[in-house]
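Here numbering that gives the first Met the number 0 is used: the first residue of the sequence shown is 0, the next is one more, and so on. Positions of the beta carbon are idealized from the N, C-alpha and C atoms, including for glycine. Beneath this line is the structure, given in structure tokens, with notes to follow.
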Amino acid sequence: MIRLSRQTLGLSIVAGAVIALQSSPSANHSWGGYHWARTANPFTVELGDSVSAAWEGHLATASSDWSQSTVLNTTVVAGGAKSRNCRPTSGRVEVCNATYGNNGWLGIAQISITDGTHITQGTVKLNDTYFNTPTYNSYAWRQLVACQEIGHTFGLDHQDESFSNTNLGTCMDYTNNPQGPPDNEHPNKHDYDELATIYTHLDSFTTVGAATRSAAPAVLENPSEWGQLMKVSHGGKTQVFDRDFGNGQHVVTFVIWA
0 MIRLSRQTLG
10 LSIVAGAVIA
20 LQSSPSANHS
30 WGGYHWARTA
40 NPFTVELGDS
50 VSAAWEGHLA
60 TASSDWSQST
70 VLNTTVVAGG
80 AKSRNCRPTS
90 GRVEVCNATY
100 GNNGWLGIAQ
110 ISITDGTHIT
120 QGTVKLNDTY
130 FNTPTYNSYA
140 WRQLVACQEI
150 GHTFGLDHQD
160 ESFSNTNLGT
170 CMDYTNNPQG
180 PPDNEHPNKH
190 DYDELATIYT
200 HLDSFTTVGA
210 ATRSAAPAVL
220 ENPSEWGQLM
230 KVSHGGKTQV
240 FDRDFGNGQH
250 VVTFVIWA
């Protein structure tokens with residue numbers, strides 16, 4: 000998630016990984032080992048299109064970008080979320096936008112997990128309260144946030160979490176200037192390499208598409224709903240929350256404060 004103020008939480012371009020990151024572009028940036036279970040590579044993750052016309056092109060570009068991975072493809076399908084809550088659908092990622100308010104985040108990515116690491120569903124929420132303002136109503140900011148939040152739902156963390164250093168040329172990098180140069184609007188080789196590492200092993204079951212296991216609900220818009228604070232790092236700027244729904248079902252929200 001992209002976080003704007005320290006008053007409220009968000010999992011967005013500020014949503015990220017569980018492990019501490021180095022600033023090197025070669026840093027490991029898996030998000031806590033979370034991954035979709037599948038029995039073969041490449042596999043396809045459906046992205047449910049519940050966005051308005053202003054976001055259609057950004058969703059399509061992010062889908063095309065992430066599909067350049069050697070281990071996963073994405074396809075945009077009709078969205079199953081019918082409201083601002085962005086209710087998740089088992090086996091895929093729902094992508095939504097709405098005016099979520101002056102809560103400090105540009106976007107949120109949340110994943111439901113089972114068995115400790117297996118992703119069963121995901122949601123991405125894009126906050127038009129900020130994207131309707133002159134500061135963030137630009138192609139570069141919209142593409143950065145859409146790309147990063149979707150990347151989190153595959154199990155990726157950030158490559159770098161400093162806003163003021165030189166861009167790494169990846170949407171998984173924090174920045175004050177997404178246009179760069181280089182621009183931070185798309186994944187880079189390190190993102191694709193990390194996905195290949197995350198998805199090297201295969202599973203004996205699948206949580207993709209027609210999922211075989213039930214998933215916990217993830218309509219968790221407010222910080223009070225995110226559950227227990229599990230980890231604090233980077234001097235308090237990153238936090239991981241875990242909402243336990245019982246029976247091995249969790250929703251994980253990762254927060255990075257600007």
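Neighbourhood of residue i by C-beta distance below 8 Å, restricted to the same chain and skipping five residues each side
i    : result
A77  : G47, D48
F162 : Y173, T174, N175, A257
Beta-carbon spacing of residue i, residue j below 8 Å
i    : j    : result
T113 : G31  : no
T206 : T119 : yes
A124 : C95  : Per the sequence shown, residue 124 should be read as Lys rather than Ala. Going by C-beta atoms, K124 is nearer than 8 Å to C95.
E93  : T122 : yes
Y99  : N126 : yes
G168 : E45  : no
Alpha-carbon to alpha-carbon, residue j and residue i
i    : j    : result
A61  : E193 : 17 Å
Y198 : N40  : 8 Å
T88  : Y138 : 28 Å
V13  : I107 : Legend: pLDDT at V13 = 35, less than 50; position of this residue unreliable, no value from coordinates given.
Q238 : V75  : 30 Å
E55  : P133 : 20 Å
H57  : N136 : 13 Å
R86  : N131 : 23 Å
W225 : V50  : 24 Å
T43  : G245 : 28 Å
T252 : A80  : 19 Å
One or two residues paired with residue i in a DSSP bridge
i    : result
I110 : G121, V251
T73  : V44
Cβ shell of residue i (< 6 Å), same chain only, five flanking positions each side left out
i    : result
N176 : none
H249 : I112, D241, D243
N27  : none
Own chain, CB closer than 7 Å to residue i, minus 5 neighbours either side, in chain order
i    : result
D202 : A36, R37, T38
Q21  : Any reading at Q21 is ruled out, since the residue's pLDDT is 31, under 50, leaving its predicted position unreliable.
Ranges of the alpha helix (DSSP H) found wholly within the region 115-167, counting only runs of at least 4: Secondary structure within the region 115-167: the alpha helix (DSSP H) runs of 4 or more consecutive residues, fully enclosed, are 127-130, 138-151 (chain order).
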